[in-house]
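In the working numbering, the protein residues as written are 1 to 63.
Presented below is the structure to which this report refers.
Here's what the structure looks like:
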């Protein structure tokens, strides 16, 4: 038996993680999703570094 890391055992395969995240995403209310998507794009993907045009772009992409 091949040893696998503990994290790989607990979090499953990439396909299972995607299905799990999609299940959570689609169970969220419709008015919450754009705000979360904007926060993801603007803060986690460093969209605030794009300036005023970048903030407008990320806002329009989310909503």
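Glycine included, every Cβ here is placed at the ideal spot set by N, Cα and C.
Please read these numbers as outputs of a predicted model, since none were measured by experiment.
Determine the extent of the alpha helix (DSSP H) in which residue i is found, giving its start and end residues.
i: residue 18; result: 14–27
i: residue 37; result: 33–39
i: residue 57; result: 51–62
Buried or exposed, going by whether 16 or more other CB atoms sit within 10 Å of the CB of residue i?
i: residue 58; result: buried
i: residue 51; result: exposed
i: residue 47; result: buried
Taking 8 Å as the threshold (beta carbon to beta carbon), is residue i in contact with chain D?
i: residue 59; result: Protein chain content of the structure displayed is limited to a single chain, and chain D is not contained in it.
Between the stretch 14–29 and the stretch 41–51, do at least 3 Cβ pairs fall closer than 8 Å?
no
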